[in-house]
Each structure stands twice: as structure tokens, then as C-alpha cells.
Amino acid sequence: MSDAANDEAAKLIRRLVDGQRAALARAITHIESGAGIAPRILGAIQSAVGHSRVIGFTGAPGVGKSTLINAVIREFRGRKKTVAVAAVDPSSPISGGAILGDRVRMGEHGSDDGVFIRSISSRGHLGGLSATTAQVIDLMDAAGWDVVVIETVGAGQSEVEIAQIADVSIVVCAPGLGDDVQAIKAGILEIADVLVVNKADQPLADQTCRQLVAMLELRHADRREVPVLTTVATSGDGVDRLVDVIEQQYQENVAPTHARGPVKRFQYLIANAAARQIHERLAASAEVTMHDMCARVSRGELSVDSAARALLDAMLK
Ligand SMILES: Nc1nc2c(ncn2[C@@H]2O[C@H](COP(=O)(O)OP(=O)(O)OP(=O)(O)O)[C@@H](O)[C@H]2O)c(=O)[nH]1
Ligand SMILES: [Mg+2]
Numbered sequence: 003m004s005d006a007a008n009d010e011a012a013k014l015i016r017r018l019v020d021g022q023r024a025a026l027a028r029a030i031t032h033i034e035s036g037a038g039i040a041p042r043i044l045g046a047i048q049s050a051v052g053h054s055r056v057i058g059f060t061g062a063p064g065v066g067k068s069t070l071i072n073a074v075i076r077e078f079r080g081r082k083k084t085v086a087v088a089a090v091d092p093s094s095p096i097s098g099g100a101i102l103g104d105r106v107r108m109g110e111h112g113s114d115d116g117v118f119i120r121s122i123s124s125r126g127h128l129g130g131l132s133a134t135t136a137q138v139i140d141l142m143d144a145a146g147w148d149v150v151v152i153e154t155v156g157a158g159q160s161e162v163e164i165a166q167i168a169d170v171s172i173v174v175c176a177p178g179l180g181d182d183v184q185a186i187k188a189g190i191l192e193i194a195d196v197l198v199v200n201k202a203d204q205p206l207a208d209q210t211c212r213q214l215v216a217m218l219e220l221r222h223a224d225r226r227e228v229p230v231l232t233t234v235a236t237s238g239d240g241v242d243r244l245v246d247v248i249e250q251q252y253q254e255n256v257a258p259t260h261a262r263g264p265v266k267r268f269q270y271l272i273a274n275a276a277a278r279q280i281h282e283r284l285a286a287s288a289e290v291t292m293h294d295m296c297a298r299v300s301r302g303e304l305s306v307d308s309a310a311r312a313l314l315d316a317m318l319k
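Adding 2 to a residue's 1-based position in the sequence shown gives its number in our numbering.
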């Protein structure tokens with residue numbers, strides 16, 4: 003890195019940690035574009051992270067996540083907490099209609115200095131949320147935001163990933179689960195810290211709650227308790243209770259590990275970096291080792307698992 007670039011990076015990092023929102027916006031753009039300055043920024047802020055409560059909202063399209071987040075922001079602001087939101091657009095590198103809609107639905111906070119809303123795309127990842135999301139959360143955290151909210155559309159993989167990153171994971175459903183019940187059973191109950199039935203002003207909300215509670219009861223008795231709440235995001239009904247529960251979960255499950263930093267997020271980032279490095283090394287060794295191994299696998303001399311183990315052993319030597 004040139005001296006000028008170094009100076010620019012140092013200045014940006016200083017302003018970011020100082021809480022200047024323009025610097026945060028700038029830094030996020032660097033991270034998203036994978037600019038050369040990105041690793042420098044991330045390295046410099048690492049010791050400043052670990053103070054934000056990171057809350058993930060996920061759920062099927064249209065259940066009211068953005069509207070609910072808007073109401074949650076209002077509640078946190080009432081409690082004198084600042085809130086940064088990262089809305090992850092899983093579909094395309096160009097922000098589509100969904101994100102525009104998010105902007106409108108969270109628009110009431112546009113002029114509030116204590117609210118920062120940014121959409122980020124998850125392009126270029128093997129699927130799901132991407133390390134970029136975790137890095138953007140680190141930036142927001144280092145910039146001093148009290149609460150960091152992530153919105154992702156429930157597309158299977160991203161739901162599971164959000165749970166690996168967020169301190170508190172909230173799965174939002176709408177009344178009348180119907181066919182979705184099976185999908186919910188498959189993964190969501192495993193990752194949710196809190197289940198919310200939004201649109202409780204619509205019929206079937208109580209029935210949906212009962213279905214969810216019944217499903218939760220089928221799990222092993224030693225599993226932690228998952229509260230099931232109802233909200234009406236459009237009116238704000240139930241949102242104060244939701245924020246109480248978020249705070250309670252945070253205090254019980256996350257605060258005790260704080261001395262070690264944001265453990266979940268760091269674990270995710272380290273595992274992600276390890277996977278990337280393995281891919282890079284695999285690519286580098288593909289010419290020789292891989293060809294030979296493929297031949298041996300196809301001759302039945304070596305199983306795929308043994309080949310993988312041998313490869314890892316060779317790499318780690
Ligand atoms: N009746 C009712 N409508 C709601 C409620 N919450 C949200 N909506 C409406 O549901 C629609 C979808 O809301 P969004 O907040 O965009 O939902 P979303 O889950 O963020 O949608 P995607 O980001 O596209 O996945 C909007 O028309 C909202 O006004 C609610 O509590 N009751
Ligand atoms: Mg939305």
C-alpha cells in the first residue's frame with residue numbers, strides 16, 4: 003500500500019471509530035467492493051468490536067420483517083439506544099424492489115442521527131449471508147452503534163447463517179402457516195432464539211402461535227426455552243415486549259461471554275477465512291495432487307473422505 007493510501011486508511015479508521023457516519027458508509031463500501039484497503043480497516047478495528055447487541059431478523063418474504071424492524075428501531079430509540087440496520091439483499095448485486103421497499107418502510111427514521119440504515123448485497127458467496135455481512139456488522143459495532151439489526155429473507159441457508167452471527171436470532175412468521183409448517187419444522191426451530199408471529203391483527207394468529215408452541219414442545223426437554231410472541235408491526239402492538247425479550251436474551255446468553263469478544267461472530271469469521279484459505283490452497287495444489295487423487299478415487303483405491311483427509315494433512319504440514 004502506498005503512503006497516501008496508508009494515510010487515507012488511517013484517517014478513515016480514526017473517523018469510523020470516532021462514530022462518524024460518513025466514514026462508516028465509506029468503509030462499508032470498501033468492504034463490499036473487496037477493495038485493497040478492506041483488510042487493513044478490518045484488522046485495525048477488531049479490538050474495538052464487541053459492544054453492540056446484534057439482532058437478526060429472518061423469515062419468509064412479506065411476513066413483515068422490515069415493518070417490524072421499523073417499529074423495533076422506534077422502541078430502542080425510545081430507550082435511548084442507537085440502531086444501525088444492515089438489510090441483506092440476497093437476490094442481486096443491484097438493489098431490487100425489496101430493498102427500496104425496506105427504505106420506505108424504515109423511512110420514518112431517515113432524519114434521526116441515532117439510526118443508520120444500509121442495504122448490502124450478499125453476492126459472491128457460496129450461498130447465504132457471506133462473510134461481508136459479518137464484516138459490516140464489525141464495522142457498525144466498532145463505530146459505536148448500540149444495536150445492530152440484520153434483516154435477511156428466509157432462504158434456508160441464510161437463516162442458519164444468521165444464527166451463527168447474531169447474538170439474538172428472531173424468526174418472524176405470519177398467521178396461517180399452512181404448508182410452511184414443514185419448512186419451519188425443518189430448520190427454523192433449531193436456530194430461533196425468539197419466534198414472532200407478526201400480523202397478529204389478522205385471523206389465525208392465535209392458532210399459529212399454538213402450532214409453534216406445540217412444535218417447540220416436541221423438542222428435547224433439555225433445549226433452551228424459545229419465547230413465542232405476537233406483534234402487529236404496523237401499529238407497534240407487542241413491540242415493547244419483543245424488545246424486553248431481546249434484551250433479556252442478550253443479558254442471559256451473550257453478556258456472560260463478553261470478555262472473550264463477540265465469540266459467535268469471530269468463530270464464524272475464522273471458520274469462513276479457514277474455508278477460503280483451504281479453497282485457495284486447493285486451487286494451488288490442483289495441478290498435481292488433485293489430478294493424482296482423482297485418478298486414485300476413480301480406480302477405487304481411495305475413498306473421497308480419505309482423499310480429503312490426506313489433502314488436509316498435506317496442507318497443514
Ligand atoms: N395487517 C398487517 N400488515 C402488516 C403487518 N406488518 C407488516 N404488514 C404489511 O405486510 C407487507 C410486507 O411487509 P414488509 O415489512 O415489507 O415485509 P418483509 O418481511 O420485510 O418483506 P421482504 O423484505 O420482501 O421479505 C406490507 O404491506 C406491510 O405493511 C402487520 O402487523 N399487520
Ligand atoms: Mg423487508
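All C-beta atoms in this analysis are idealised placements derived from N, C-alpha and C, irrespective of residue type, glycine included.
{"Query": "Given Ala-73 as reference, the closest of Ala-176, Val-234 and Ala-273 once Cα atoms are compared", "Result": "Val-234"}
{"Query": "The segment 34-53 contacting the segment 6-21, beta-carbon criterion three pairs below 8 Å", "Result": "yes"}
{"Query": "Inter-residue Cα distance where the pair is Ala-62 and Val-174", "Result": "8 Å"}
{"Query": "Among Ile-172, Val-230, Asp-315 and Met-317, nearest to Leu-214 - alpha-carbon criterion", "Result": "Val-230"}
{"Query": "Contact set for Val-228: own chain, Cβ-Cβ below 8 Å, skip 5 residues either direction", "Result": "Leu-191, Ala-194, Asp-195, Val-196, Leu-197 and Leu-218"}
{"Query": "Where Arg-226 sits in the DSSP three-state scheme", "Result": "coil"}
{"Query": "Complete runs of the beta strand (DSSP E) confined to the segment 224-299 [at least 3 residues]", "Result": "230-232"}
{"Query": "Helix, strand or coil at Glu-303 according to DSSP, with G and I counted as helix", "Result": "coil"}
{"Query": "Which listed residue (Ala-286, His-32, Arg-79 and Ile-164) has its alpha carbon closest to that of Ala-316", "Result": "Ala-286"}
{"Query": "Through-space distance from Arg-120 to Ile-164, alpha-carbon basis", "Result": "17 Å"}
{"Query": "heavy atom of ligand 2 below 6 Å from Ser-121 C-beta", "Result": "no"}
{"Query": "Whole-angstrom distance between Leu-313 and Lys-319, CA atom to CA atom", "Result": "10 Å"}
{"Query": "Cα-Cα separation, Gln-279 to Arg-267", "Result": "18 Å"}
{"Query": "Residue nearest to Met-295 in terms of C-alpha spacing, selected from Glu-282, Arg-311 and His-281", "Result": "Arg-311"}
{"Query": "Endpoints, the alpha helix (DSSP H) within which Ala-37 is located", "Result": "It is not in any alpha helix (DSSP H) - Ala-37 carries neither H nor E in the DSSP assignment."}
{"Query": "Nearest-angstrom beta carbon gap, Gly-52 and Asp-143 [assumed within contact, 8 Å]", "Result": "7 Å"}
{"Query": "Alpha carbon of Gln-166 to alpha carbon of Pro-264, nearest angstrom", "Result": "11 Å"}
{"Query": "Presumed contact (8 Å Cβ cut-off) between Ile-248 and Val-170, rounded CB distance", "Result": "5 Å"}
{"Query": "C-alpha distance - Ile-57 paired with Ala-168, whole-angstrom precision", "Result": "5 Å"}
{"Query": "Ser-123 in three-state terms, based on DSSP", "Result": "strand"}
{"Query": "Selection from Gln-204, Val-256 and Asp-5 that minimises the alpha carbon distance to Gly-66", "Result": "Gln-204"}
{"Query": "Bridge partner(s) assigned by DSSP for Val-199", "Result": "Cys-175 and Thr-232"}
{"Query": "Backbone secondary structure at Gly-52 - three-state DSSP", "Result": "coil"}
{"Query": "Pro-177 beta carbon near ligand 1 (any heavy atom closer than 6 Å)", "Result": "no"}
{"Query": "Neighbourhood of Ala-207 by C-beta, 8 Å cutoff - its chain only, sequence neighbours within 5 removed", "Result": "Pro-177, Val-199, Lys-201 and Thr-232"}
{"Query": "Where the alpha helix (DSSP H) through Ala-12 begins and ends", "Result": "5-19"}
{"Query": "Rounded straight-line distance, which links the Cα of Glu-303 to that of Ala-297", "Result": "9 Å"}
{"Query": "Backbone secondary structure at Leu-128 - three-state DSSP", "Result": "Note that Leu-128 scores a pLDDT of 45, beneath 50, so its modelled location is shaky; the value from the coordinates is reported in the next line. Note: Leu-128 maps to coil in three-state DSSP."}
{"Query": "Rounded separation between Arg-226 and Gln-251 - CA only", "Result": "11 Å"}
{"Query": "Arg-212 to Phe-78 span [Cα, whole Å]", "Result": "28 Å"}
{"Query": "Sub-7 Å separation of Val-151 and Ile-71 beta-carbons", "Result": "yes"}
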